[in-house]
Every structure is written in C-alpha cells, then in structure tokens.
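Visitor:
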Amino acid sequence: MRRSNPSFVLATLTLLGSLCSMANPAAAQTDLQQDYQAQLNEYSVVRLTADLSSLTENERKMLPLLIRAADLMNEVFWQQAYGDRTELMNQVEEPAGRKLLSINYGPWGRLKGNAPFIDGVGPKPEGANFYPQDMTKEEFEQHLKDNPDDEDAFKSLYTLIRRDRNGDLGAIWYHDMFRQQATAADLLDQAAELAEDDGLKKYLTLRAAALRTDDYQASDMAWLDMKDNTLDIVIGPIENYEDAMFGYKAANEGFVLIKDKEWSARLSRYAQLLPGLQRDLPVPDAYKQETPGTDSDLNAYDVIYYAGDCNAGAKTIAINLPNDEVVQLAKGTRRLQLKNAMQAKFDRILNPIADLLIDESQREHITFNAFFGNTMFHEVAHGLGIKNTIDGSGSVREVLRNHFSALEENKADILGLYMVGKLYEQGELTEGQVMDNYVTFMAGLFRSVRFGASSAHGKANMTSFNFFRQEGAFARDTSGRYRVDEEKMAAAIAKLAERLITLQGNGDFGAAGEWLDNMANVSPGLQADLDRINAQGIPVDIIFEQGLDVLGLNSNE
Amino acid sequence: MPIVIPPQAGMTGVVPLRLRMGDSPDSGAGITELLLNPSKIL
Ligand SMILES: [Zn+2]
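First to last, the sequence lines map onto chains A and B. Heads up, the first sequence is in the working numbering, so the first residue is 89 and it goes up one at a time. Heads up, the second sequence is in the working numbering, so the first residue is 14 and it goes up one at a time.
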C-alpha cells in the first residue's frame with residue numbers, strides 16, 4: 089500500500105504508535121498462546137482403553153485401587169522433577185499453558201531438550217529437584233570425601249539431598265519425604281485382599297511394604313515370580329533418567345497393566361531361542377563365548393494408566409525391569425511390551441511418516457506386527473552379544489563408560505533385526521516377511537530420532553541410518569522417498585552387528601569414541617527430511633485420556 | 014511478570030534427617046552403573 093498524503097501517513101503512524109504501546113502485552117500474550125498451542129500440537133491425544141471383558145469381578149474391583157495408587161506417583165514425581173506444582177500452576181492462566189505444564193511435569197519442554205516454555209524460568213537444573221538447586225557436583229563429592237559414612241545414603245536411589253539449618257547437605261528417604269508412598273501402600277494392601285492370584289497377592293503386599301521402607305528388593309523378586317496374573321502394576325521409584333546430574337536418584341511412576349495373554353503366548357518361546365541365536369552371531373568365536381539367560385520373560389500388556397515419570401513427555405512403549413542388578417542376576421528380567429500404546433504411536437505417528445517418506449512400492453511393508461516385533465527383539469537382543477571384554481579388562485560397560493549406552497542401544501536394534509532375519513530363515517517366524525521389519529525399522533528411525541539425536545537411542549539411530557546409507561541398504565529418490573534394498577540391508581545388518589560386538593568386546597574406549605564421532609551425526613539430508621515431517625504437522629508423541637471414566641468403570645460399580 | 018522458581022521449590026522449611034550408614038537398601042556398587050543403560054523404549 090502506498091499513500092502519498094503525508095498527513096494520513098502521520099496520522100496512521102501516530103495511531104499505530106499508540107496501539108503498539110497499549111497492545112504490546114496482548115501481542116505478547118498471543119505469541120505465548122501460539123507457542124503453547126504449537127507445543128501442544130506435537131502430542132496426539134489417545135484414549136487409553138483395554139478389553140476388560142476377561143476380568144473377574146474381584147479384578148474389576150481392584151482396578152480403581154491400583155489406579156488411585158498409581159495416580160499418587162504423579163504428586164511425588166512433580167516434587168522430584170520440579171517442586172511445588174500448585175504454585176507454578178497458579179502463575180499460568182492460559183489453558184494451553186497449564187496443559188503443557190501438566191504434560192511436562194514442570195516448565196521445561198521435554199520434547200524440546202528441556203527448554204523453558206514459561207517466561208522468566210531459567211534452564212532446568214541438571215539434578216532436577218533431587219538435590220538443592222545451588223549444589224554443585226563438586227560440593228556433593230567434597231561432602232562424601234569429608235563424610236565417607238554418608239556415601240550409601242547420598243548415592244541411594246531413594247533419597248533426596250537437602251540442606252539442613254546450617255546449610256550442610258543431608259539425605260532424606262523418599263518414604264519420609266513423600267507421604268503419598270504410604271497412602272499408595274495402603275491401597276495396594278486393599279487390592280491384595282481382593283487378589284485371587286497368589287503371586288499377585290504376594291507381590292502387592294511386598295510392594296506395599298517396600299513403599300513404606302524404600303527397600304524394594306523382595307517385591308522385585310516377587311514380581312518376577314508372578315506368572316499367571318492378569319492385572320499388574322509397576323509402581324514406585326524406578327528409572328533414574330530424571331537425575332541428569334549423577335543418575336543416582338530414581339523417579340516415581342506407576343503403570344497399571346492388563347496382560348494380553350493371547351499375544352504373550354506368542355512371545356513366550358523366543359527367550360528359549362536365545363542360546364542358538366547367540367551361536368549364530370556374525371562374529372568370531374572369541375566374541376560369542378557368553379551364554380545368554382533364558383529365564384527372562386516377555387509379555388504383552390495393555391496399559392490402562394500412566395502416572396509420574398513414565399507419563400512425562402515422550403511415553404514408554406516397552407520396558408525391561410527390574411533395574412536392581414541383584415534381582416537380575418537371581419531371576420533375570422521381565423520385558424513388557426505395551427501394546428495399546430504401541431498401536432497408538434504406530435497409527436498416529438509411524439504411519440503418517442511412512443506415507444511421507446517411504447516409496448509407494450514398499451508402503452505395504454509398514455505393519456504393526458513388524459513395529460511390535462522390532463521393539464520386542466530390541467529388548468531380547470540386549471541379552472545377546474558380549475558383556476565382558478575379551479582381554480578380561482572388565483565389563484564392557486565399565487570400560488566404554490559414556491560411550492557404552494549408545495553402542496549398546498545400537499547393538500540391540502541391529503541384533504534384533506539380525507535375529508528376525510534368522511527366525512524367518514529357520515521358519516520360526518511365519519507371519520509377514522523380513523522386509524516388513526526392515527522397512528518399518530527404516531520409517532521408525534525418523535520417528536525416534538525426533539526424541540533427541542544426542543540421547544543413547546538417538547545416537548544409535550543415527551549410526552544405523554548413516555551405516556545403511558554407506559552400504560547402499562536404502563536409496564532416496566529425488567522426491568525424498570526411501571526404498572530399502574533387501575539383500576544389501578541384510579548384509580549391512582550383519583556387518584554392523586559384527587562391528588558393534590567387536591567394538592564392545594575389544595573394550596577400546598578411544599575406538600568407540602571415534603566410531604560414534606564419525607557415525608552418530610544428523611546429516612543435512614536427514615535433517616531436511618525431519619523438517620518435512622514437522623512441516624506436515626505429524627505429532628511427535630502421544631498424551632492420554634485415561635482413568636476409570638475412560639474405561640467405563642465409574643465409582644458406582 | 015517473570016516467574017522465578019524459588020530455590021528448593023516446594024521444599025522450603027524441610028529439615029533433612031541424616032541417614033545412618035547401612036540404611037541404604039542398595040549399597041551394592043554396580044547398581045547405578047547398571048541404571049545408566051536405558052531400560053525403556055519411547
Ligand atoms: Zn534398549
């Protein structure tokens with residue numbers, strides 16, 4: 089618009105000037121709301137339901153108790169991750185902003201590398217709210233040098249570190265700090281009274297005791313002894329990712345689960361095949377001398393409630409628990425495939441990504457069974473390979489230090505695919521075809537790298553992507569669609585498996601670092617494809633509508 | 014108005030107890046190391 093009348097221009101400018109000075113807060117408000125809304129749009133809302141028809145009357149009565157117990161973990165996790173939830177919520181009026189606070193359990197965007205999304209909030213403390221916010225790593229370590237008797241309590245998974253009146257550091261047990269653990273324990277005891285399965289009854293009783301004392305070992309053992317239960321609950325302080333300062337502190341969470349017995353039956357035999365698969369690994373004998381355990385079990389569940397740590401930011405679709413090494417050595421671990429959450433991510437995220445990026449002729453290879461299988465065999469593959477270096481210098485984990493997790497996650501992905509190939513060859517897998525797993529894995533790389541390229545899983549994804557490209561395992565056409573070459577992919581998987589197991593077995597810290605420096609990068613081409621996914625508005629993750637109402641179980645029942 | 018998170022948000026006024034040696038249920042050395050391995054998939 090051109091205006092030649094100077095007085096009009098002047099009038100307009102004056103008007104604009106006065107509008108601007110008055111409208112600034114409103115404009116800022118709009119920006120803020122748009123920003124909140126943009127971050128909310130990264131999540132797709134999923135109703136968390138499951139088939140309850142197989143539940144007994146007592147099991148239906150147990151569900152509200154278990155859900156209430158799990159729900160209490162929300163309050164505990166808020167304290168661990170941030171602090172006073174109510175005070176923070178009171179400072180934000182916009183519904184979208186409040187929703188975002190709930191999803192993130194605090195003012196930092198978990199899908200945004202923890203960038204603050206509330207005006208005036210600083211960066212997230214490395215140690216979240218597990219430690220005093222003015223405490224440095226050095227102060228913590230100096231305290232332990234001066235007070236060696238405090239080591240166990242200070243490094244415990246189940247204590248907070250706080251200052252006393254004199255400003256000295258002290259530790260306080262979760263069960264002393266968080267009354268919610270005792271309330272949850274009472275609810276678990278009530279549920280135990282209704283439990284018809286002896287294993288579940290015992291577990292619930294021991295878990296209740298554990299929440300009152302923060303000694304979880306007996307309950308973890310009992311959890312692994314349960315075999316025939318339909319209902320399950322994972323509850324308490326469990327994972328330590330939230331403590332990015334030391335990784336000493338566990339964060340509280342709760343999952344309420346219903347076992348899918350039909351799918352679980354299909355999975356039960358894979359663990360038995362592990363020794364044979366270990367012998368078939370594409371590495372020299374020196375790297376496959378260890379014998380994998382076969383006592384770990386693998387089950388499919390529908391989740392009906394997520395609370396606390398597992399409900400924050402990106403949601404968990406598979407877990408391998410317990411984390412207590414003593415229990416792992418005694419009884420192995422349980423691998424839980426969370427089927428309905430997986431299905432939701434497949435439908436809402438993976439499928440749209442495949443529509444955008446997978447060549448039309450291979451689109452049919454994107455299947456839920458392959459997505460489920462890749463996730464499952466990833467978990468199983470953690471049990472294969474090599475745990476101690478071949479020169480006897482120690483465990484691979486100790487020797488490779490900060491490079492270990494990225495290599496181990498990559499190994500799990502790649503050996504998982506390798507196993508799938510073997511199982512098709514052996515006729516153990518008959519539904520679908522190995523290309524389903526390859527193409528679905530390819531599309532899955534784009535899905536999971538969006539959670540952060542610098543995490544262990546992110547580095548693993550980048551390594552696979554770059555290695556496959558080098559080996560010609562996929563081609564990208566000029567329209568930006570990917571096509572997998574079946575033979576070259578199979579060869580690349582075997583070659584990468586060999587490379588990763590060798591790096592682990594050799595335990596060469598420098599070589600591992602160099603490998604990751606070269607391989608675990610987001611290339612400009614890949615970044616452009618990730619930008620296309622974002623531009624399409626494909627969600628990054630899911631949030632839940634969940635609880636008794638969603639399940640059709642109200643309190644009158 | 015900027016929001017400032019108070020130091021020790023939600024924990025003001027708490028005087029910590031000092032734990033005794035041996036109270037910890039997880040005094041085994043390898044446990045935190047083990048936990049550095051991601052045990053979940055997103
Ligand atoms: Zn893994």
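Here a beta-carbon is modelled for each residue, glycine too, at the ideal position from N, C-alpha and C.
Contact check, D617(A) vs L445(A) under 8 Å by CB: the rounded distance?
Guide: 6 Å
Visitor: Determine the DSSP secondary structure at P94(A), reduced to helix, strand or coil.
Guide: Only weak support is given to the placement of P94(A): the predicted model assigns it a pLDDT of 38, under 50, and the value that follows is read from those uncertain coordinates. Reduced to three states, the DSSP call for P94(A) is helix.
Visitor: Should D412(A) be labelled buried (16 or more other beta-carbon atoms within 10 Å of its own) or exposed?
Guide: Around the beta carbon of D412(A), a 10 Å sphere encloses 16 or more other beta carbons of the protein chains shown; the residue is thus reported as buried.
Visitor: Out of curiosity, what's the CA-to-CA distance linking Q360(A) and A582(A)?
Guide: Approximately 22 Å, taken between the alpha carbons.
Visitor: Decide if G35(B) is buried, meaning its Cβ has at least 16 other Cβ atoms within 10 Å, or exposed.
Guide: For G35(B), the predicted structure reports a pLDDT of 26, less than 50, and the residue's modelled location is therefore unreliable. The matter cannot be settled from this model.
Visitor: Taking the C-alpha atoms as reference points, what is the distance between A189(A) and L319(A)?
Guide: Here the sequence assigns Leu to residue 189(A), which means Ala is not the residue at that position. Rounded to whole angstroms, L189(A) to L319(A) spans 31 Å at the Cα level.
Visitor: Starting from T404(A), find everything on chain B with Cβ-Cβ shorter than 8 Å and list it in chain order.
Guide: K53, I54 and L55
Visitor: In terms of residue numbering, what span does the beta strand (DSSP E) encompassing K349(A) cover?
Guide: Run containing K349(A): none in the beta strand (DSSP E); it sits in the alpha helix (DSSP H), K349 to L355.
Visitor: Starting from the Cα of V414(A), find the closest Cα among F597(A), N202(A) and M309(A) and give me that residue.
Guide: M309(A)
Visitor: Return the chain-ordered list of same chain residues with a C-beta closer than 7 Å to the C-beta of I155(A), the five sequence neighbours on each side being excluded.
Guide: V344, Y393, G635 and L636
Visitor: Out of A216(A), D479(A) and Q624(A), which one is the CA nearest neighbour of Q592(A)?
Guide: Checking every option, the nearest Cα to that of Q592(A) belongs to D479(A).
Visitor: Which first and last residues belong to the alpha helix (DSSP H) in which S552(A) is found?
Guide: A544 to Q558
Visitor: Does the beta carbon of M34(B) come closer than 9 Å to any beta carbon on chain A?
Guide: Low confidence applies to M34(B): its pLDDT is 24, below 50, so where it sits in the model is not reliable, and the reading given next is rough at best. With 9 Å as the cut-off, M34(B) counts as an interface residue toward chain A.
Visitor: Compile a chain-ordered list of the residues in the region 533–548 of chain A whose CB is closer than 9 Å to at least one CB of chain B.
Guide: S536, F539, S543, A544 and H545
Visitor: Of all the options V522(A), G324(A) and L386(A), which has the alpha carbon lying nearest to the alpha carbon of M161(A)?
Guide: Closest option to M161(A), judged by alpha-carbon separation, among V522(A), G324(A) and L386(A): G324(A).
Visitor: Could you name the residues of the same chain whose beta carbon sits closer than 7 Å to that of L426(A), not counting the 5 residues immediately before and after it, in chain order?
Guide: Y389, V391, T404, I405 and A406
Visitor: At the level of alpha carbons, what is the spacing between G640(A) and A138(A)?
Guide: 10 Å
Visitor: Taking 7 Å as the limit between beta carbons, can you name the residues of its chain near A600(A), skipping five residues before and five after?
Guide: These residues qualify, in order along the chain: L488, H491, L495 and L591.
Visitor: Where does the unbroken beta strand (DSSP E) through G396(A) begin, and where does it stop?
Guide: D385 to G396
Visitor: Taking CB distances under 9 Å as the criterion, tell me whether M110(A) reaches chain B.
Guide: The predicted model places M110(A) with a pLDDT of 45, which falls under 50 and marks its position as unreliable; any figure quoted below should be read in that light. Cβ-Cβ to chain B under 9 Å: no for M110(A).
Visitor: Does the beta-carbon of N408(A), which I'm using as the reference point, lie nearer than 8 Å to any heavy atom of ligand 1?
Guide: yes
Visitor: Hey, does E284(A) have any beta-carbon neighbour from chain B nearer than 9 Å?
Guide: no
Visitor: Measure from the C-beta of I56(A) to each C-beta in chain B and report whether the shortest distance is under 9 Å.
Guide: The structure shown does not extend to residue 56(A), since chain A is modelled only from 89 to 645, so the question has no answer here.
Visitor: Check whether the Cβ of E327(A) sits closer than 8 Å to any heavy atom of ligand 1, and report yes or no.
Guide: no
Visitor: Checking contacts by CB at 9 Å: is D629(A) closer than that to chain B?
Guide: yes
Visitor: Go through its chain and collect everything with a Cβ distance to T463(A)'s Cβ below 6 Å, but skip five positions before and after it.
Guide: A406
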